[in-house]
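Working notes for the structure below.
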Amino acid sequence: MLTSTLPASAPAALRKLDPRFMWRNPVMFVVEIGAAWTTVMAVLDPSAFAVLITTWLWLTVIFANLAEAVAEGRGKAQADTLRRTRKATTARRLTDAGEETVAAAELRRGDLVVVEAGQVIPGDGDVIEGIASVDESAITGESAPVIRESGGDRSAVTGGTRVLSDRIVVRITQRPGESFMDRMIALVEGASRRKTPNEIALTILLAALTIIFLVAIASMQPLAIYSVANSPGVEGGFALGSHGVTGLVLVSLVVCLIPTTIGALLSAIGIAGMDRLVQRNVLAMSGRAVEAAGDVDTLLLDKTGTITLGDRRASEFIPVGGTTGAELADAAQLSSLADETPEGRSIVVHAKEAYGLRERHAGALTHAAWVPFTAQTRMSGVDVDGRRLRKGASGAVTDWVRGQGGEVPSALADVVDRVSASGGTPLVVAAAENGDVRVLGVVHLKDAVKAGMRERFDRMRAMGIRTVMVTGDNRLTAKAIADEAGVDDFLAEARPEDKLSLVRAEQAGGRLVAMTGDGANDAPALAQADVGVAMNTGTSAAKEAGNMVDLDSDPTKLIEIVEIGKQLLITRGALTTFSIANDVAKYFAIIPALFVALFPGLDALNVMRLSSPQSAILSAVVFNALIIVALIPLALRGVRYRPSSASRLLNRNLLVYGVGGVVAPFAGIKIIDLVVQLVPGMQ
Numbered sequence: 001m002l003t004s005t006l007p008a009s010a011p012a013a014l015r016k017l018d019p020r021f022m023w024r025n026p027v028m029f030v031v032e033i034g035a036a037w038t039t040v041m042a043v044l045d046p047s048a049f050a051v052l053i054t055t056w057l058w059l060t061v062i063f064a065n066l067a068e069a070v071a072e073g074r075g076k077a078q079a080d081t082l083r084r085t086r087k088a089t090t091a092r093r094l095t096d097a098g099e100e101t102v103a104a105a106e107l108r109r110g111d112l113v114v115v116e117a118g119q120v121i122p123g124d125g126d127v128i129e130g131i132a133s134v135d136e137s138a139i140t141g142e143s144a145p146v147i148r149e150s151g152g153d154r155s156a157v158t159g160g161t162r163v164l165s166d167r168i169v170v171r172i173t174q175r176p177g178e179s180f181m182d183r184m185i186a187l188v189e190g191a192s193r194r195k196t197p198n199e200i201a202l203t204i205l206l207a208a209l210t211i212i213f214l215v216a217i218a219s220m221q222p223l224a225i226y227s228v229a230n231s232p233g234v235e236g237g238f239a240l241g242s243h244g245v246t247g248l249v250l251v252s253l254v255v256c257l258i259p260t261t262i263g264a265l266l267s268a269i270g271i272a273g274m275d276r277l278v279q280r281n282v283l284a285m286s287g288r289a290v291e292a293a294g295d296v297d298t299l300l301l302d303k304t305g306t307i308t309l310g311d312r313r314a315s316e317f318i319p320v321g322g323t324t325g326a327e328l329a330d331a332a333q334l335s336s337l338a339d340e341t342p343e344g345r346s347i348v349v350h351a352k353e354a355y356g357l358r359e360r361h362a363g364a365l366t367h368a369a370w371v372p373f374t375a376q377t378r379m380s381g382v383d384v385d386g387r388r389l390r391k392g393a394s395g396a397v398t399d400w401v402r403g404q405g406g407e408v409p410s411a412l413a414d415v416v417d418r419v420s421a422s423g424g425t426p427l428v429v430a431a432a433e434n435g436d437v438r439v440l441g442v443v444h445l446k447d448a449v450k451a452g453m454r455e456r457f458d459r460m461r462a463m464g465i466r467t468v469m470v471t472g473d474n475r476l477t478a479k480a481i482a483d484e485a486g487v488d489d490f491l492a493e494a495r496p497e498d499k500l501s502l503v504r505a506e507q508a509g510g511r512l513v514a515m516t517g518d519g520a521n522d523a524p525a526l527a528q529a530d531v532g533v534a535m536n537t538g539t540s541a542a543k544e545a546g547n548m549v550d551l552d553s554d555p556t557k558l559i560e561i562v563e564i565g566k567q568l569l570i571t572r573g574a575l576t577t578f579s580i581a582n583d584v585a586k587y588f589a590i591i592p593a594l595f596v597a598l599f600p601g602l603d604a605l606n607v608m609r610l611s612s613p614q615s616a617i618l619s620a621v622v623f624n625a626l627i628i629v630a631l632i633p634l635a636l637r638g639v640r641y642r643p644s645s646a647s648r649l650l651n652r653n654l655l656v657y658g659v660g661g662v663v664a665p666f667a668g669i670k671i672i673d674l675v676v677q678l679v680p681g682m683q
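The structure is reproduced here in structure tokens:
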């Protein structure tokens, strides 16, 4: 794939030779100036050596630009695909007088628009009325439609997606030209990419090293002039004369000794890191967020849907107070007929499977009065045939029983605690009939931990990352799930303000925090977290607060995001180590070639036994250019990341890329030297 990408990126690499672009990369800007200088010298005093040195210096600059162009090219291809999916649409805007048809570009924040089946949603917003099936394949690549509805955490819609069924009213939340699709295009093509703090710091370090080497190499001129002048009868060789080091050799020395390898690849590493997130359907609003993910110390994870499957199902009916299992199952099923949640449907199914109860339908009970679930009452039920049935949270149902004059059996508390301690959710069922009010029993809802979660958290622990599960469940249930999943800590009965307080407390302890969220009540904590990953299915408030958006709305992806961030940092560190280390070999190639005629003792440093001074210098310059091309795949793919402690990663980094950075140039320069000997005039 890379072999086909390189030629396609060549025109962009050539365009980047513009000095107005090159000055942003101090290291490669120095190389470009050197290449321009040697071009002038090659024209004024042509020779095979001058032409070859000049050619390879220009190739060094082009290869550096090529690395960045290839990384950017991937994003631009994705951006072009997104542009093709974005079409000019019209909107049915609601006004006091009714509806009016306007261009989508004319919509402003706060406008209300109507979208029906078959129509394209004209802009980003929140559903405030209705429910619909929406095709979001234009942005997620997933063909399966999703449900968007008002009044919940799945109310956000994106401009450019298509409504497949029903009718919704959307309140526009975007500003003109700042839609999610616009930002997505800008991000994936790199137009809005800014250097991250670590990248800026490393650029400053590389610039400082370049200045140091320039000063050091400039100091060789007076040394060379003095040495030639005070060595009567000794020829300085092709590189030295009465005027010191020749210009071609001086430029070659500068280019080979400054950290050109990492200078050439630094930008490509950052772009590729963001691209790896995009490939996993995650949009990072800044490179800084990707870096922060690599430095995260604490992960805050919701229990439901992240650690557990999130689809709690009835697994057992536990009667109390002399009630039979069949009686409890009948009451639980009847009170769940109008409950369209997965939990409610599972109770109906389990009653049928466990006790052979026929499946009933709420529509058939025309004389029944249904009691819907609310966050305030925390229970639901039905009044039918003189019976009042209630099902819900333990505290809510027992309060209802006492309020109706009934008594709560002492055995109930033990059953509820046992279910909670096992990681399940207890729902209490009660009935009132002819003045007799009593608790019938408990429905055990079980939410299974996702497969492989313990192993994932073990990997996080190996990286030195602390994991905290956040849930609204009671403490007993939370502890059971936390123990089963293997998280380090948990926060039970969590409210939105509790999440924000936890983030702040972790940060006050000097830790970097990452968390996921999808609701408006998660927005404060997402904004406070160092890495806030908002679900694309969530509210606009959550997506605005986070610095990443997961298009697949998979909360477990936070773990992958952290690993990608760490891979980015490790890749940058590894190639920086390699770049500085391989300069060591170039000293042994060039310095003896320069001064061996004046100081024969330097021949001992010519450990590669290069054939001639010309060949030594040219071989080092050629290797310096080719190693950039050789490392482009690694810069784009990233160094393979294995969860481990920071000290072990550092030792491995130094061993593989430090020692390897010293050894590889010795072999590479020697092989190039053997080839250079075949060039006429270079023996």
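Numbering (full-length UniProt numbering) for the sequence shown: 1 to 683. Yeah, the Cβ is synthetic: ideal placement off N, Cα and C, and Gly gets one too.
Opposite residue i in the DSSP bridges: which residues?
i	result
Thr-39	Answer is none; Thr-39 lacks a bridge partner.
Ile-147	Ser-133
Ile-172	Gly-125
Met-535	Asp-550
Pro-319	Gly-441
Classify residue i as helix, strand or coil using the three-state DSSP reduction.
i	result
Val-113	strand
Val-296	coil
residue 684	Since the first and last residues shown for the chain are 1 and 683, residue 684 lies out of range.
Lys-450	coil
Arg-358	coil
Asp-473	coil
Ser-192	For Ser-192, the predicted model reports a pLDDT of 48, less than 50, meaning its position is unreliable; a value from the coordinates is still stated below. In this structure, Ser-192 counts as coil in the three-state DSSP scheme.
Met-28	helix
Ser-242	In this predicted model, Ser-242 has a pLDDT of only 48, less than 50, meaning its place in the structure is not dependable; the value taken from the coordinates is given anyway. Note: Ser-242 maps to coil in three-state DSSP.
Leu-678	coil
Trp-370	strand
Lys-557	helix
Thr-377	coil
Asp-498	helix
Asp-96	coil
Are the beta-carbon atoms belonging to residue i and residue j less than 8 Å from one another?
i	j	result
Ala-589	Ser-619	yes
Gly-440	Gly-424	Note that residue 440 corresponds to Leu in the displayed sequence, not to Gly. No, these two residues do not count as a Cβ contact at 8 Å.
Val-415	Val-442	yes
Ala-270	Thr-196	According to the sequence as given, residue 270 is Gly; it is not Ala. It is a contact, given that the beta carbons lie within the stated cut-off.
Asn-281	Leu-551	yes
Pro-555	Leu-309	no
Ile-632	Ala-268	yes
Val-437	Thr-467	no
Ser-155	Val-120	no
Gln-567	Ser-615	no
Gly-565	Ala-272	no
Asp-399	Leu-476	no
Leu-257	Val-621	no
Val-51	Val-31	no
Val-146	Thr-537	yes
Gly-130	Ile-172	no
Asp-447	Thr-304	yes
Ala-411	Val-320	yes
Using only alpha-carbon positions, find the residue among the options that is nearest to residue i.
i	options	result
Trp-37	Val-679, Val-254 and Arg-454	Val-254
Asn-434	Gly-452, Met-463, Lys-450 and Asp-383	Asp-383
Met-379	Ala-545, Ala-482, Pro-426 and Ile-591	Pro-426
Ala-431	Thr-323, Arg-495 and Arg-171	Thr-323
Arg-637	Leu-205, Ala-117 and Leu-277	Leu-277
Thr-539	Asn-25, Phe-490, Asp-124 and Arg-93	Asp-124
Leu-328	Thr-341, Ala-338 and Leu-357	Leu-357
Asp-45	Lys-479, Ala-480 and Leu-248	Leu-248
Phe-373	Val-401, Leu-337 and Ile-628	Leu-337
Asn-606	Ala-525, Met-22, Pro-176 and Ala-585	Ala-585
Asp-111	Arg-175, Pro-26, Arg-387 and Val-163	Arg-175
Met-608	Lys-557, Leu-569, Ala-35 and Ala-667	Ala-667
Arg-652	Thr-577, Ala-664, Gly-325 and Val-663	Thr-577
Gly-661	Asp-518, Ile-200, Leu-674 and Pro-259	Pro-259
Round the Cβ separation of residue i and residue j to the nearest angstrom and send it over; I've been treating them as touching at under 8 Å.
i	j	result
Leu-512	Thr-261	Not really, about 29 Å apart at Cβ, beyond 8 Å.
Gly-392	Val-428	7 Å
Ile-628	Ala-64	6 Å
For the ligand GDP, any of its heavy atoms closer than 7 Å to the Cβ of residue i?
i	result
Leu-618	Annotation note on the ligand GDP: not contained in the displayed structure, which lists no ligands.
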